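Same order as they appear, the protein sequences are chains A and B. Oh and the first sequence: position 220 is 224 in this note's numbering, straight run, nothing missing. Oh and the second sequence: position 177 is 181 in this note's numbering, straight run, nothing missing. Don't be surprised by glycine CBs; every beta carbon is placed ideally from N, CA and C. Note that the structure is a prediction, hence the values are computed from the model and not measured.
There are 2 protein chains.
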Amino acid sequence: MMADINSASGAATPITLAVDAMGGDHAPKEIIKGACEGVKRLGCRLILVGDEPHIQRYLSRLKPSVDVTVLHAPEFIDMGENPANAIRRKPNSSIVRCARLVSEGKAQAMVSAGSTGASMAVATLILKRVPGIDRPAIASIFPTMKGQAVVLDVGANVDCSVENLVQFASMGSIYSRDVMGVRDPRVGLLSIGEEPTKGNELTKAAYKALAQSDLNFIGNIEGGPLFEGGADVVVCDGFVGNVALKVAEGVAKMAKTLAIERLWHHPIYKLLLIAMSPGLRQLDKDLDCEEAGGAPLLGVNGIVVISHGNSKAKSITNAMRLAIRAHEKNTLSHIKKSLKAQVREIVSV
Amino acid sequence: MMADINSASGAATPITLAVDAMGGDHAPKEIIKGACEGVKRLGCRLILVGDEPHIQRYLSRLKPSVDVTVLHAPEFIDMGENPANAIRRKPNSSIVRCARLVSEGKAQAMVSAGSTGASMAVATLILKRVPGIDRPAIASIFPTMKGQAVVLDVGANVDCSVENLVQFASMGSIYSRDVMGVRDPRVGLLSIGEEPTKGNELTKAAYKALAQSDLNFIGNIEGGPLFEGGADVVVCDGFVGNVALKVAEGVAKMAKTLAIERLWHHPIYKLLLIAMSPGLRQLDKDLDCEEAGGAPLLGVNGIVVISHGNSKAKSITNAMRLAIRAHEKNTLSHIKKSLKAQVREIVSV
Numbered sequence: 005m006m007a008d009i010n011s012a013s014g015a016a017t018p019i020t021l022a023v024d025a026m027g028g029d030h031a032p033k034e035i036i037k038g039a040c041e042g043v044k045r046l047g048c049r050l051i052l053v054g055d056e057p058h059i060q061r062y063l064s065r066l067k068p069s070v071d072v073t074v075l076h077a078p079e080f081i082d083m084g085e086n087p088a089n090a091i092r093r094k095p096n097s098s099i100v101r102c103a104r105l106v107s108e109g110k111a112q113a114m115v116s117a118g119s120t121g122a123s124m125a126v127a128t129l130i131l132k133r134v135p136g137i138d139r140p141a142i143a144s145i146f147p148t149m150k151g152q153a154v155v156l157d158v159g160a161n162v163d164c165s166v167e168n169l170v171q172f173a174s175m176g177s178i179y180s181r182d183v184m185g186v187r188d189p190r191v192g193l194l195s196i197g198e199e200p201t202k203g204n205e206l207t208k209a210a211y212k213a214l215a216q217s218d219l220n221f222i223g224n225i226e227g228g229p230l231f232e233g234g235a236d237v238v239v240c241d242g243f244v245g246n247v248a249l250k251v252a253e254g255v256a257k258m259a260k261t262l263a264i265e266r267l268w269h270h271p272i273y274k275l276l277l278i279a280m281s282p283g284l285r286q287l288d289k290d291l292d293c294e295e296a297g298g299a300p301l302l303g304v305n306g307i308v309v310i311s312h313g314n315s316k317a318k319s320i321t322n323a324m325r326l327a328i329r330a331h332e333k334n335t336l337s338h339i340k341k342s343l344k345a346q347v348r349e350i351v352s353v
Numbered sequence: 005m006m007a008d009i010n011s012a013s014g015a016a017t018p019i020t021l022a023v024d025a026m027g028g029d030h031a032p033k034e035i036i037k038g039a040c041e042g043v044k045r046l047g048c049r050l051i052l053v054g055d056e057p058h059i060q061r062y063l064s065r066l067k068p069s070v071d072v073t074v075l076h077a078p079e080f081i082d083m084g085e086n087p088a089n090a091i092r093r094k095p096n097s098s099i100v101r102c103a104r105l106v107s108e109g110k111a112q113a114m115v116s117a118g119s120t121g122a123s124m125a126v127a128t129l130i131l132k133r134v135p136g137i138d139r140p141a142i143a144s145i146f147p148t149m150k151g152q153a154v155v156l157d158v159g160a161n162v163d164c165s166v167e168n169l170v171q172f173a174s175m176g177s178i179y180s181r182d183v184m185g186v187r188d189p190r191v192g193l194l195s196i197g198e199e200p201t202k203g204n205e206l207t208k209a210a211y212k213a214l215a216q217s218d219l220n221f222i223g224n225i226e227g228g229p230l231f232e233g234g235a236d237v238v239v240c241d242g243f244v245g246n247v248a249l250k251v252a253e254g255v256a257k258m259a260k261t262l263a264i265e266r267l268w269h270h271p272i273y274k275l276l277l278i279a280m281s282p283g284l285r286q287l288d289k290d291l292d293c294e295e296a297g298g299a300p301l302l303g304v305n306g307i308v309v310i311s312h313g314n315s316k317a318k319s320i321t322n323a324m325r326l327a328i329r330a331h332e333k334n335t336l337s338h339i340k341k342s343l344k345a346q347v348r349e350i351v352s353v
């Protein structure tokens, strides 16, 4: 079933990633393809988790030039199932086995494009929350005119407290610094007007708390400045963040679809577009909400990257890159340390 | 000061519009230009409200071929002022005078690109709410792949109740039918998943109430399907709606800016783009969140269209078109009638 899983957890480098081969609309084909490409490009070890005969069939077609370990996990959690119940009822599902590999130290990070709810549930129930974090958050990496912004939470927590938002801001800042390489990340609060008095009850209270924190808080931020690159970290509750994410994806998709309809289907314009294809490819990449490959789940004891349900090979490779960078930069231990410092501060007050 | 204002309120056609000449980033020049263009194209009467010498200076430069009445209103409400206080302190401000013209029947509708808060305040305090409506809502017209969708509320009410959302849905449906010409408008509830159980406390409760209403409720809708044209009316609280609007505008602006940077600044691509300009102009129009020209304020005793703060002439002309259509279609009396029917229903239960 599984060859050298223990050796994979050995003390030395390289990092081992557990990838859920069964999750996502294009699983397992695109997941396996992207994961093998990731091994080649990123020099990591890979454990593909899922239905072994299924995976082996694709591997034998793909003939990857890299070493791949397969861990048989015959069960699968569907998008429609209640995540918490499903992970209890299906201990041999691919997502549960991925989380176990991380909790047992046999893998240093996991990537899944399956049900977000199931990823959240295994992360919270198997990996457990970092002490001091009340709610883990899904951080999405938004493209901006100047680069990227980390937006959190985008769907893990529908109703949030002020404390949750401050914790999100703190975790987001560490992630931005470690993984995105931003020296002193500017934290913005997603709201509907720049003034501290603008917003709903939650954001008005969170504004005050963030202003008193030691984070580099720059105030409220709206959609316009967000996409102009006005902040490096943007905090919001999971309902608002998820709406913002889906609206951004929806507009980008509409722009692309209408551009194809209006221009690509026109015989002359089509030729002109072909002549511009290097520029258009770059533009498409700049505007791609999924270019980052996945959304890190912050606040749990392990590195978890949640990929989009419709991820293709490229997204999986990019998600693996995010996971490796978080591991190399010790993001998890930085989050833990920062929370310990906050707890000390509160105790000493 | 003002020539024939009483005759403008005469029984016969055409409709008279009051346009706030002083509101918006490009006031008064672009407002005056757009309003005069509106008279020419739409065949309405126009009362330009604002600082008369200022307006006359622009009119004498513009030399419009149409009749324009000017109503002197020397005061102006700034974006930063508290709207409710400001309209009490400045009875001769352009926005207050616009609302008075409508409340006195001297104009049938008003258009302003000034402070949204001030428009809301004059509408509520001078025109008053329609009996049965607890909160008026700002309805924004979003572009979609298949046409347009009415999204409300986009900022008038930050914290909403279930009843508010049901009233928004009802007003939005009437607006969609009357002004957008949709026969049986499909109503969606902006949320984070299609299932009734997905969302926050407000949306889960609103789902049940909308499902029991006699509206054509199609369930929850997310950003993706919204921009694919999956609903004609989309309801949400004003905080979420405003975030969605600003995010949509932000993404559209980012796409345009990056396209210009990547393609227009390239010597060869620029020539190719020039050759495609008719197609690109159409695309730009299709994606323009401001193409509608303004957002109708629904639920007050009068037709009020709030234009974007950065409106140029074209937006003002388009906003006047919206106002005229709402007047011609008797949208206001349809909203009143539908509420009376609802009240009767509740009483008879």
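Original post:
Would you report the Cα separation of I310(B) and S319(A), rounded to the nearest angstrom?
Top reply: As a working mapping, residue 310(B) is identified with position 306 in the second sequence. As a working mapping, residue 319(A) is identified with position 315 in the first sequence. Roughly 42 Å between the two C-alpha positions.
Original post:
Within the chosen definition, does the region 317-334 of chain A reach the region 169-186 of chain A through at least 3 CB pairs nearer than 8 Å?
Top reply: yes
Original post:
Per DSSP, G191(A) forms a beta bridge with which residues?
Top reply: In the first sequence, residue 191(A) corresponds to position 187, counting from 1. The sequence shown places Val at residue 191(A), not Gly. Per DSSP, the beta bridge partners of V191(A) are F221(A), V237(A).
**OP:** Evaluate contact between the region 233-248 of chain A and the region 160-169 of chain A, counting only Cβ atoms and requiring at least three cross-stretch pairs below 8 Å.
**Re:** Counting C-beta pairs with one atom in each stretch, the region 233-248 of chain A and the region 160-169 of chain A have three or more that are closer than 8 Å, which means they touch.
Original post:
What is the residue span of the alpha helix (DSSP H) that V115(B) lies within?
Top reply: Position 111 of the second sequence, counting from 1, holds the residue named residue 115(B). Here V115(B) belongs to no alpha helix (DSSP H); instead the beta strand (DSSP E) covers 113-116.
Original post:
Applying a beta-carbon distance threshold of less than 7 Å, which residues of chain A neighbour V251(B)?
Top reply: As a working mapping, residue 251(B) is identified with position 247 in the second sequence. Near V251(B) (Cβ distances below 7 Å), the residues of chain A are G227, A248, V251, A252.
Subject >> Cβ-Cβ separation, K212(B) to T201(B) (assumed contact under 8 Å), whole Å >> reply: The residue given as residue 201(B) occupies position 197 in the second sequence. The residue given as residue 212(B) occupies position 208 in the second sequence. Going by Cβ atoms, the distance from T201(B) to K212(B) rounds to 11 Å, so no, they are not a contact pair.
Subject >> Segment contact, 8 Å Cβ cut-off, at least three pairs: the region 211-225 of chain B with the region 190-200 of chain B >> reply: yes
Subject >> Length-filtered (4 minimum) alpha helix (DSSP H) runs lying within the region 45-125 of chain B >> reply: 56-66, 87-93, 98-107
Subject >> Residue(s) in a DSSP beta bridge with T148(B) >> reply: To locate residue 148(B), count along the second sequence from 1; it is residue 144. Answer is G151(B), bridged to T148(B).
**OP:** Excluding the 5 residues preceding and the 5 following E265(A) in the sequence, name in chain order all residues of the same chain whose CB lies nearer than 8 Å to its CB.
**Re:** On the first sequence, position 261 is the one that residue 265(A) refers to. Once the five neighbours on either side are set aside, E265(A) has no close Cβ partner at all.
**OP:** Can you grab the Cα-Cα spacing for the pair E253(B) / S144(B), in whole Å?
**Re:** Within the second sequence, the letter at position 249 stands for residue 253(B). Within the second sequence, the letter at position 140 stands for residue 144(B). The straight-line gap from Cα to Cα measures roughly 12 Å.
**OP:** May I ask which residues mark the beginning and end of the alpha helix (DSSP H) holding A259(B)?
**Re:** Here residue 259(B) refers to the residue found at position 255 when the second sequence is read from its first residue. A259(B) -> alpha helix (DSSP H) spans 242-263.
Original post:
Should G312(A) go down as buried or exposed, given a rule of 16 or more other Cβ atoms within 10 Å for buried?
Top reply: Position 308 of the first sequence, counting from 1, holds the residue named residue 312(A). Looking at the sequence itself, residue 312(A) is His, so the reference to Gly does not match. That one is buried.
Original post:
Using the beta-carbon count (16 or more within 10 Å), is S261(B) buried or exposed?
Top reply: Here the question's residue 261(B) lines up with position 257 in the second sequence. Per the sequence shown, the amino acid found at residue 261(B) is Thr instead of Ser. It is exposed - the Cβ of T261(B) has fewer than 16 other Cβ atoms within 10 Å.
**OP:** Give the DSSP-derived three-state secondary structure of R139(B) in the structure shown.
**Re:** Here residue 139(B) refers to the residue found at position 135 of the second sequence. It is coil, neither helix nor strand.
Subject >> Closest Cα partner of I130(B) within the set E108(B), L46(B), G159(B), L206(B) >> reply: By 1-based counting over the second sequence, the position of residue 130(B) is 126. When E108(B), L46(B), G159(B), L206(B) are compared, the shortest CA-CA separation from I130(B) is found for E108(B).
**OP:** Name, please, each residue of chain A whose Cβ falls closer than 7 Å to the Cβ of L194(B).
**Re:** Position 190 of the second sequence, counted from the first residue, corresponds to residue 194(B). What L194(B) touches in chain A: V247.
Subject >> Range covered by the alpha helix (DSSP H) that runs through A279(B) >> reply: Here residue 279(B) corresponds to residue number 275 of the second sequence, with the count starting at 1. Element bounds for A279(B): 271-279.
Original post:
For A323(B), which residues from the same chain have a beta carbon less than 7 Å from its beta carbon, with the 5 sequence-adjacent residues on both sides left out?
Top reply: If you number the second sequence from 1, residue 323(B) lands on position 319. Excluding residues within five positions, the ones whose Cβ falls inside 7 Å are V115, G297, G298, V309, S311.
Subject >> 9 Å Cβ cut-off: residues of chain A touching E205(B) >> reply: Against the second sequence, residue 205(B) aligns to sequence position 201. Here the neighbours are V162, D163.
Original post:
Given a limit of 7 Å on CB to CB distance, which residues of the region 290-312 of chain B reach chain A?
Top reply: Taking 7 Å as the Cβ-Cβ cut-off against chain A, the residues of the region 290-312 of chain B that qualify are D290, L291.
**OP:** Identify the continuous alpha helix (DSSP H) that holds T201(A) and give its terminal residues.
**Re:** By 1-based counting over the first sequence, the position of residue 201(A) is 197. First-last for T201(A): undefined, no H or E at that position.
Subject >> Proximal chain A residues relative to G256(B), where beta-carbon distance stays under 8 Å >> reply: Position 252 of the second sequence holds residue 256(B). The sequence shown places Ala at residue 256(B), not Gly. Near A256(B) (Cβ distances below 8 Å), the residues of chain A are V255, A259.
**OP:** Could you check if L277(A) is buried or exposed, using at least 16 other CB atoms within 10 Å of its CB as the buried criterion?
**Re:** For the purposes of this step, residue 277(A) is taken as the residue at position 273 of the first sequence. L277(A) is buried by the Cβ-count criterion.
Original post:
Taking Cβ positions only, does S13(A) come closer than 8 Å to chain B?
Top reply: Walking along the first sequence from the start, residue 13(A) turns up at place 9. Any answer about S13(A) is weak, because its pLDDT of 41 lies below 50 and its placement is not dependable; what the coordinates show is given next. So, not an interface residue.
Original post:
Whose C-beta lies closer than 8 Å to the C-beta of L46(A) among residues of the same chain, with five residues either side of it excluded?
Top reply: The residue given as residue 46(A) occupies position 42 in the first sequence. Only T321, M324, R325, I328 meet the Cβ criterion.
Original post:
By Cβ distance, which residues of its chain are closer than 7 Å to V134(A), with the 5 residues on each side in sequence left out?
Top reply: Sequence index remark: in the first sequence, residue 134(A) carries index 130 (1-based). Only G303, V304, N305, I339, K340, L343 meet the Cβ criterion.
**OP:** Give the straight-line distance between the Cα atoms of K285(A) and W268(A), rounded to the nearest whole angstrom.
**Re:** Position 281 of the first sequence holds residue 285(A). Position 264 of the first sequence holds residue 268(A). Reading the sequence as shown, one finds Arg at residue 285(A) and not Lys. Straight-line spacing of the CA atoms in R285(A) and W268(A) works out to 14 Å.
Original post:
In three-state DSSP terms, what is I19(B)?
Top reply: As a working mapping, residue 19(B) is identified with position 15 in the second sequence. Three-state result, I19(B): coil.
**OP:** Consider the C-beta atom of A143(A) and the heavy atoms of the ligand SAM; say whether any pair is separated by less than 7 Å.
**Re:** Among the components modelled here there is no ligand, and therefore nothing to report on the ligand SAM.
Original post:
Is it the case that the Cβ atoms of K67(B) and I81(B) are separated by a distance below 8 Å?
Top reply: By one-based count along the second sequence, residue 67(B) stands at place 63. By one-based count along the second sequence, residue 81(B) stands at place 77. Not closer than 8 Å, so no.
Subject >> Own chain partners of G234(B) with C-beta closer than 6 Å, once the 5 adjacent residues on each side are dropped >> reply: To locate residue 234(B), count along the second sequence from 1; it is residue 230. Non-local C-beta neighbours of G234(B) in its own chain, meaning closer than 6 Å and more than five positions away in sequence, comprise I225, ordered along the chain.
Original post:
For I196(B), which of helix, strand or coil comes out of DSSP?
Top reply: Residue 196(B) sits at position 192 when you count from the first residue of the second sequence. In the three-state reduction of the DSSP assignment, I196(B) falls in the coil class.
Original post:
K274(B) to A317(B), Cα distance in whole Å?
Top reply: If you number the second sequence from 1, residue 274(B) lands on position 270. If you number the second sequence from 1, residue 317(B) lands on position 313. One C-alpha to the other measures close to 27 Å.
Subject >> Cutoff 7 Å; reference D29(A); Cβ partners in own chain excluding five residues on either side >> reply: Here residue 29(A) refers to the residue found at position 25 of the first sequence. Contacts found: G313, N314.
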